[in-house]
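**Student:**
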Amino acid sequence: MFILPDLSYEFDALEPSIDAVTMEIHYSKHHQGYVDKLNTALKGHPDLLKKDVTELLRNLEDLPADIQTAVKNNGGGHANHSLFWTVISPDGGGAPKGNLSEALETRFKSLDDFKAEFETVALSHFGSGWVWLVVDNDGDLQVYSTANQDSPLIEDETPILTLDVWEHAYYLQYQNRRADYIKAFWKIVDWAEVARRFKETS
Ligand code: MN
Numbered sequence: 055m056f057i058l059p060d061l062s063y064e065f066d067a068l069e070p071s072i073d074a075v076t077m078e079i080h081y082s083k084h085h086q087g088y089v090d091k092l093n094t095a096l097k098g099h100p101d102l103l104k105k106d107v108t109e110l111l112r113n114l115e116d117l118p119a120d121i122q123t124a125v126k127n128n129g130g131g132h133a134n135h136s137l138f139w140t141v142i143s144p145d146g147g148g149a150p151k152g153n154l155s156e157a158l159e160t161r162f163k164s165l166d167d168f169k170a171e172f173e174t175v176a177l178s179h180f181g182s183g184w185v186w187l188v189v190d191n192d193g194d195l196q197v198y199s200t201a202n203q204d205s206p207l208i209e210d211e212t213p214i215l216t217l218d219v220w221e222h223a224y225y226l227q228y229q230n231r232r233a234d235y236i237k238a239f240w241k242i243v244d245w246a247e248v249a250r251r252f253k254e255t256s
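Just so we're aligned, residue 55 is where the sequence shown starts under my numbering, counting upward by one.
The structure is reproduced here in structure tokens:
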């Protein structure tokens, strides 16, 4: 069975960027819902219930056809939120260091140019979805968004930073002001964790 991963901080720890009520509902209702539906979808597949969710998504086409959509949606929801909680932190903000900093500058010219591109993608994404910084199959950094709960893992790319742009992620606090939510996100990005994930891909 899949379970909700522990958060390493309290619901109110990310304030004022993300308020406690938003965090509590997002984690204990929305994320829990994806976990529950993933378990339901995999009922009768004990071998698959033992696997890591990232492994299921990377090998989606090998799964029985009748559960692929449910795993894509709910396994994606579980994996995406699990990543999101780890790349934001009460101790976040600032700027990346070391190899990640150099790689971002090489790819996007500067940290500010990277942030500008990420924000443009986040603001222009229509409807529910996620914005990603991934390491692609050539080892290059890419920024893009996906719809719904689609994960870059399905394309066998490795996400190292993400922002949830579903309305449930910000509407209680920011209403329609997605731009303000995105600006506040930079204040809680855990660059050390993003750098650790980047290093793992090399
Ligand atoms: Mn969400």
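Cβ coordinates follow ideal geometry from the N, Cα and C atoms, glycine included.
With respect to 8 Å, is the separation between the Cβ of Ala-223 and the closest non-hydrogen atom of ligand 1 below this value?
**Tutor:** Yes, the beta carbon of Ala-223 sits closer than 8 Å to at least one heavy atom of ligand 1.
**Student:** Considering only residues of the same chain and omitting the five flanking positions on each side of Ala-223, which have a CB-CB separation below 7 Å?
**Tutor:** Cβ within range, chain order: His-80.
**Student:** Compare the beta carbon distance of Ser-62 and Trp-186 with 9 Å and say whether it is the shorter of the two.
**Tutor:** The answer is no: Cβ separation not under 9 Å.
**Student:** If I measure Cβ to Cβ from Thr-216 and keep anything under 6 Å in the same chain, skipping five residues before and after, which residues do I get?
**Tutor:** Answer for Thr-216: Leu-137, Phe-138, Trp-184, Trp-186, listed in chain order.
**Student:** By the 10 Å Cβ neighbour count, where 16 or more other Cβ atoms means buried, how is Ala-149 classified, buried or exposed?
**Tutor:** Per the 10 Å Cβ criterion, exposed.
**Student:** Let me know the secondary structure DSSP gives Glu-149 once reduced to three states.
**Tutor:** Looking at the sequence itself, residue 149 is Ala, so the reference to Glu does not match. Ala-149: coil per DSSP, three-state reduction.
**Student:** Beta carbon of His-132: closer than 8 Å to some heavy atom of ligand 1?
**Tutor:** False, no ligand heavy atom lies under 8 Å from that Cβ.
**Student:** Among the candidates Lys-241, Val-89, Ile-214, Lys-169, whose CA atom is the shortest distance from the CA of Val-188?
**Tutor:** The shortest C-alpha separation from Val-188 is found at Ile-214.
**Student:** Quick one: what does DSSP say Asp-218 is sitting in, helix, strand or coil?
**Tutor:** Asp-218: strand per DSSP, three-state reduction.
**Student:** Provide the residue span of the beta strand (DSSP E) that contains Glu-184, from first to last.
**Tutor:** Note on residue identity: the sequence assigns Trp, not Glu, to residue 184. 183-189 is the span of the beta strand (DSSP E), which, as asked, contains Trp-184.
**Student:** From Asn-202 to Glu-209, what distance separates their C-alpha atoms?
**Tutor:** Going from the Cα of Asn-202 to the Cα of Glu-209 covers about 15 Å.
**Student:** Please classify Pro-206: is it buried, with 16 or more other beta-carbons within 10 angstroms of its beta-carbon, or exposed?
**Tutor:** The residue in question, Pro-206, is buried, as its Cβ has 16 or more Cβ neighbours within 10 Å.
**Student:** Leu-110: buried (16+ other C-beta within 10 angstroms of its C-beta) or exposed?
**Tutor:** Leu-110 comes out buried.
**Student:** For a test of your reading of the model: does the CB of Phe-239 fall under 8 Å from any non-hydrogen atom of ligand 1? Yes or no.
**Tutor:** The answer is no for Phe-239.
**Student:** Should Glu-115 be labelled buried (16 or more other beta-carbon atoms within 10 Å of its own) or exposed?
**Tutor:** Exposed: under 16 other Cβ atoms inside 10 Å.
**Student:** Return the chain-ordered list of same chain residues with a C-beta closer than 7 Å to the C-beta of Ala-74, the five sequence neighbours on each side being excluded.
**Tutor:** Closer than 7 Å at the Cβ level, and outside the excluded window around Ala-74, lie Phe-65, Asp-66.
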